[in-house]
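Participant:
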């Protein structure tokens, strides 16, 4: 994973007055630092589809997934069902887990209907392009 | 007491692919070398089908097809990134770490009162699987050599658990007997042949062999192997890797080349890459070698190299390019079909900018500017994932470039190529 490094152009100014703000410059805002707590287990994934629309995850969004987090009910997770990734909310009812879409056009996914369901990671952020 | 563990990723390349692509899980999968030449990695399911490592792809293409084996070109940026993540996670969970290869590391851990370290290993194994989707094998013992053996034993005795602590077993000899001499770390083909001629077949017999006879034939290296087999610690954990002796960038061409222009072009690209690599590791070279050769299978065999010693050590692409292009005339031969070429940066040392400017003060300003230019190019390339800016000579059309027809195209480091999932 790449961290944003030093400012790209760090040529020093050889003439003129020093900026009065020089002593007050702080580091740039680092989105990596803000979005990622566990860099070694965080992955970026692009999503297509509208099954999670009510949670704010929209078509073409970039989601940030932390694999180190152990999913709890209420978390939005990436799960593997029938050898495919999907994104849903993990819910628990009467001691059984199931996956819930955030769009009433999509049915809940119950473990008993699939031979193998596995949680791959927990979605911690969704990045949406507003233009 | 300290214990040493040798940790490696199971079927590493195949597992990296399977981790980020669930449709590849539980399926026979093989990964091909550069230019889709031969098989360099197999998933557990492909191993069961008795597909062998190193097998040339064209030879078994049909068989793979029939068996339904999935074939992928190697995706080194994915494996490299996963490796970095793995090593960093291991580092957080041990006292010392020596990264031994892309998927192997020795680590040192505290062992209180001869305690079984299997529970610790199980936890670490779960953590790595949870964080990366990769399965690791952990072999634990008193020293590096025995840890290597323990790792082998873990795979052999208890593959699904993937853990073996040789350090606390009582019947070590019976385990050492299970390892053939040619499977011992540091014993090559020739040595194992000699050992076998002396009746030494396994690790236990090597451990108990006459030490004078061993030392006479194999010197200190042999002595060290025997001492480690006995349980002494001779080889330290080297956290800071011994400085690389040379940096090599070489490739096979997808099609043979015959023109000097093509050879120059290829070597220029390798020279740019090699200089980048040096700068990334803060190294500089005092000598450069370039080479080219025909295919090993060709009837008309040709190979040639050229060497130049530099007056002043450097990692400056401009200087290195000039030298490499100059040298390329010396190794070119119009009558041969060249299939491989490479550049080697040699006599490496830590890059010291200061030294250079004192020696040659008048040109300090110029070299200052050049250094900044190259820094900017490096950081741009770094930021936008390679080669947005390069030297003119590298940007021509190439017909001989690397073949990677079966590349999955998925990346976890390039925002344009990250996995897309339908939700």
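Chains as they are written, first to last, in the numbering used here: chain A, 677 to 807; chain B, 2 to 424. Every residue, glycine too, gets a C-beta built ideally from N, C-alpha and C.
(1) In chain B, which residues lie less than 8 Å from residue 727(A) when you measure between Cβ atoms?
(2) For chain A, find out if any of its Cβ atoms is closer than 9 Å to the Cβ of residue 283(B); answer yes or no.
(3) Could you please give the first and the last residue of the uninterrupted alpha helix (DSSP H) stretch that includes residue 772(A)?
(4) Is it buried or exposed for residue 476(B), if we count other Cβ within 10 angstroms and need 16 for buried?
(5) If the cut is a Cβ gap below 8 Å, which residues of chain B does residue 743(A) touch?
(6) Just the chain B side, please: which residues come within less than 9 Å of residue 717(A) by C-beta, in chain order?
(7) Output needed in chain order: residues of the stretch 755 to 786 of chain A with a Cβ under 7 Å from some Cβ in chain B.
(8) Tell me the rounded alpha-carbon separation between residue 68(B) and residue 32(B).
(9) Which parts of the stretch 271 to 323 of chain B are runs of the beta strand (DSSP E), unbroken and 3 residues or longer, counting only runs that do not cross its ends?
(10) Drop a sphere of 10 angstroms on the beta-carbon of residue 140(B), count the other beta-carbons inside from all chains shown, and report buried for 16 or more, exposed for fewer.
(11) Please name the residue, chosen from 375(B), 286(B) and 2(B), that lies closest to residue 1(B) on a Cα-to-Cα basis.
(12) Within 9 Å (strictly less), CB to CB, does residue 807(A) reach chain B?
(13) Look at the alpha carbon of residue 30(B) and the alpha carbon of residue 70(B), and state the distance between them as a whole number of angstroms.
(14) Rounded to whole angstroms, what's the CA-CA distance from residue 156(B) to residue 177(B)? Just pull it up for me.
(15) On the premise that residue 264(B) lies in contact with residue 270(B), defined as a C-beta separation below 8 Å, what is that separation, rounded to the nearest angstrom?
(16) How many Å lie between residue 768(A) and residue 750(A) at the Cα?
(17) Could you give the DSSP three-state label for residue 715(A): helix, strand or coil?
(18) I need the straight-line Cα distance from residue 682(A) to residue 74(B), nearest angstrom please.
(19) Over what stretch of residues does the beta strand (DSSP E) that includes residue 801(A) continue unbroken?
(20) Please list the terminal residues of the continuous alpha helix (DSSP H) segment that includes residue 4(B).
(21) Relative to the ligand ADP, is the shortest distance from any of its heavy atoms to the C-beta of residue 795(A) smaller than 8 Å?
(22) What does residue 419(B) reach in chain A if we use C-beta pairs closer than 9 Å?
(23) Counting Cβ pairs, one atom from each stretch, are 3 or more of them under 8 Å apart for the stretch 723 to 743 of chain A and the stretch 789 to 803 of chain A?
(24) Given this structure, state the Cα-to-Cα distance separating residue 778(A) from residue 732(A), to the nearest angstrom.
(25) Rounded to a whole number of angstroms, what is the C-alpha to C-alpha distance between residue 186(B) and residue 165(B)?
(26) Rounding to the nearest angstrom, what Cα-Cα distance links residue 771(A) and residue 729(A) in this structure?
(27) Pick out whichever of 394(B), 301(B), 221(B) and 279(B) has its Cα sitting closest to the Cα of residue 340(B).
(28) Does the Cβ of residue 783(A) have 16 or more other Cβ atoms within 10 Å, making it buried, or fewer, making it exposed?
Facilitator: So, from the listed chains and residues:
(1) Counting from 1 along the first chain, the entry for residue 727(A) is found at position 51. Going along chain B in sequence order, the residues near residue 727(A) (Cβ under 8 Å) are 424.
(2) Numbered from 1 along the second chain, position 282 holds the residue referred to as residue 283(B). By this cut-off, residue 283(B) is not an interface position.
(3) Here residue 772(A) refers to the residue found at position 96 when the first chain is read from its first residue. Taken as a continuous stretch (DSSP letters only), residue 772(A) belongs to no alpha helix (DSSP H), being part of the beta strand (DSSP E) at 772 to 776.
(4) Any question about residue 476(B) goes unanswered here, given that chain B covers just 2 to 424.
(5) Numbered from 1 along the first chain, position 67 holds the residue referred to as residue 743(A). In chain order: 131, 132, 133 and 134.
(6) Stepping through the first chain from its first residue, residue 717(A) is reached at position 41. Per Cβ cutoff of 9 Å: 86, 90, 131, 132 and 133.
(7) 756, 759, 760, 761, 762 and 763
(8) As a working note, residue 68(B) is residue 67 in the second chain. As a working note, residue 32(B) is residue 31 in the second chain. Answer to the nearest angstrom: the Cα atoms are 15 Å apart.
(9) 284 to 295 and 304 to 315
(10) Taking the second chain and counting its residues from 1, the one referred to as residue 140(B) is at position 139. Result: buried.
(11) In the structure as shown, chain B starts at 2 and stops at 424, and residue 1(B) therefore has no counterpart that could be examined.
(12) Within the first chain, residue 807(A) is the residue found at index 131, counting from 1. Taking Cβ atoms only, chain B never reaches closer than 9 Å to residue 807(A), which makes this a no.
(13) In the second chain, residue 30(B) corresponds to position 29, counting from 1. In the second chain, residue 70(B) corresponds to position 69, counting from 1. Their Cα atoms are separated by approximately 6 Å.
(14) For this step, residue 156(B) is matched to residue 155 along the second chain. For this step, residue 177(B) is matched to residue 176 along the second chain. Going by the C-alpha atoms only, they are around 14 Å apart.
(15) Looking up residue 270(B) in the second chain gives position 269. Looking up residue 264(B) in the second chain gives position 263. At roughly 11 Å, the Cβ-Cβ gap does not stay under 8 Å, so residue 270(B) and residue 264(B) are not in contact.
(16) Indexing the first chain from 1 puts residue 768(A) at position 92. Indexing the first chain from 1 puts residue 750(A) at position 74. Going by the C-alpha atoms only, they are around 8 Å apart.
(17) By one-based count along the first chain, residue 715(A) stands at place 39. The answer is helix: DSSP assigns residue 715(A) an H, G or I state.
(18) Locating residue 682(A) in the first chain gives position 6, counting from the first residue. Locating residue 74(B) in the second chain gives position 73, counting from the first residue. At residue 682(A) the pLDDT is 44, less than 50, meaning the model places this residue with poor confidence; the figure from the coordinates comes in the next sentence. Going by the C-alpha atoms only, they are around 34 Å apart.
(19) If you number the first chain from 1, residue 801(A) lands on position 125. Here the beta strand (DSSP E) through residue 801(A) covers 793 to 803.
(20) Taking the second chain and counting its residues from 1, the one referred to as residue 4(B) is at position 3. Careful: residue 4(B) lies outside any alpha helix (DSSP H), inside the beta strand (DSSP E) at 3 to 10.
(21) This structure lacks the ligand ADP; in fact it carries no ligand of any kind.
(22) What you label residue 419(B) is simply residue 418 of the second chain in a count that begins at 1. 719, 720, 721, 722 and 738, listed in chain order.
(23) yes
(24) Translated into positions along the first chain, residue 778(A) becomes position 102. Translated into positions along the first chain, residue 732(A) becomes position 56. Taking the straight line joining both Cα atoms gives about 9 Å.
(25) In the second chain, counting from the first residue as 1, residue 186(B) sits at position 185. In the second chain, counting from the first residue as 1, residue 165(B) sits at position 164. Approximately 17 Å, taken between the alpha carbons.
(26) The sequence position of residue 771(A) within the first chain is 95, counting from 1. The sequence position of residue 729(A) within the first chain is 53, counting from 1. Those two C-alpha atoms are separated by around 27 Å.
(27) Stepping through the second chain from its first residue, residue 340(B) is reached at position 339. Ranking 394(B), 301(B), 221(B) and 279(B) by Cα distance to residue 340(B) puts 301(B) first.
(28) Within the first chain, numbered from 1, the residue matching residue 783(A) stands at position 107. Label assigned to residue 783(A): exposed.
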